[in-house]
Structures are given as C-alpha cells and as structure tokens.
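The structure appears right after this line, and notes come after that.
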Amino acid sequence: MTDRQITMIVAVAENGAIGKDNNLLWHISGDLKRFKAITTEHSIIMGRKTYLSFPKRPLPDRKNIILTTGDNTYEGAYTAKSIEQALALCDSDEVFIIGGESIYRQFLPYTTKIYLTRVHRSYEADTFFPTLNMDEWETIDTEEHLDGEPPFTYITLRRKEL
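Quick note on my numbering: the sequence shown kicks off at -13 and runs consecutively.
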C-alpha cells in the first residue's frame, strides 16, 4: 500500500479498553511524554473524535491528519476520506496511527510496528483496541513500570516476516 512504515502507538488496559466518553481512562504522565517523544516530527493519523479529545489542537510539531467521512475542516490539521488519501498527505517515512478504535482497526492490516503501553488493570470502557493475533507479532522490547499507579509495561511489537 505504501513505502512508509505504519506504526501504531496506543495504551491498552488488560481488557482491551482504550477509552470512554472520548476520554482516556488513566493518566500516566511518563506515557504521555513517551508518546510526544516518539511521534514528534512525524505525521500522525487519527479519527475525528480522537482529534477533538485533545485539550490543545493540533498536536504541535507533528503533521495532524484526520481520517473522517465528514466534510468539516479543522484548523491546523489535514483531513482525508480514505486510508490512501491519509497516507498520501504524510511527509515522514514513519507514520503513526494514534486512534481511535475504528482507525486502529482500519490500519491494523498495514501496520508493521506497535508501541503498546499495557496498563495492568481492566476498565469499564466504550472504546477498545482490536485483538491482536500474537502469531503475527514478535516482542522486540519491554520495559516494566509495575510500581506505577496504575502499573504498566511498555511493549514494542514488530510484525513477523511471512
């Protein structure tokens, strides 16, 4: 589909939860700093609700691309109506998919790397990350933070070569 590396970055609870009422379910300041460090200077693709959930928009020092079926425009962001159109707007070799649920599902078949923050709790939620077939993925890095509140682990996954 593209020569660009498509990478997801996501924080997921044990039950697959990623959000409720268009909000994150937890606040892990270190994870937010990690998100910023990893995605800065790259193109990021997200859904409309994810974009609107940010207190300050657009996210600075990144090309913000909103994949949406609507015709609205958003100051400081680009809009696309298809995966192909969103990828064509990207200007970095590595593109980050940052949510929400529908966007993760649409891009999962094309994703080659995932920065996953596994939050070691379950939460009531209305938004979930798609279940991964772990036969297709290998863990290339982990970093545990089990004394955090909530406890969590950074996991980097790479799609296995077929």
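Here a beta-carbon is modelled for each residue, glycine too, at the ideal position from N, C-alpha and C.
Look at residue i and residue j and say whether their C-beta atoms are less than 8 Å apart.
i       : j        : result
Leu11   : Gly5     : yes
Asp79   : Arg(-10) : yes
Tyr140  : Phe115   : no
Thr103  : Ala23    : no
Thr97   : Ile83    : yes
Arg144  : Glu124   : yes
Ile(-8) : Val81    : yes
Glu27   : Asp47    : yes
Check the DSSP bridge columns for residue i and list the partner residues they point to.
i      : result
Ile52  : Met32, Thr65
His131 : Phe138
Glu124 : Arg144
Check residue i in the structure and name its three-state DSSP category.
i      : result
Arg107 : coil
Phe93  : helix
Arg43  : coil
Tyr101 : strand
Arg20  : helix
Leu150 : With the chain represented from -13 up to 148, any question about residue 150 goes unanswered, as that position is not in the structure.
Leu73  : helix
Thr25  : helix
Leu143 : strand
Glu80  : strand
Go through its chain and collect everything with a Cβ distance to residue i's Cβ below 8 Å, but skip five positions before and after it.
i      : result
Gln92  : Leu53, Ile69
Ile51  : Ser29, Ile30, Ile31, Met32, Ala63, Tyr64, Thr65, Ala66, Ala72, Leu75, Cys76
Thr128 : Thr139, Tyr140, Ile141, Thr142
Ordered along the chain, which non-local residues of its own chain (more than five positions away) have a Cβ less than 6 Å from that of residue i?
i      : result
Thr113 : Ile4, Gly5, Gly86, Glu87
Asn8   : Lys35, Ser39
Thr25  : Arg48, Phe82
His131 : Phe138
Would you say the beta carbon of residue i comes nearer than 7 Å to a heavy atom of the ligand NAD?
i     : result
Leu45 : With respect to the ligand NAD, the structure shown offers nothing to examine, as it has no ligands at all.
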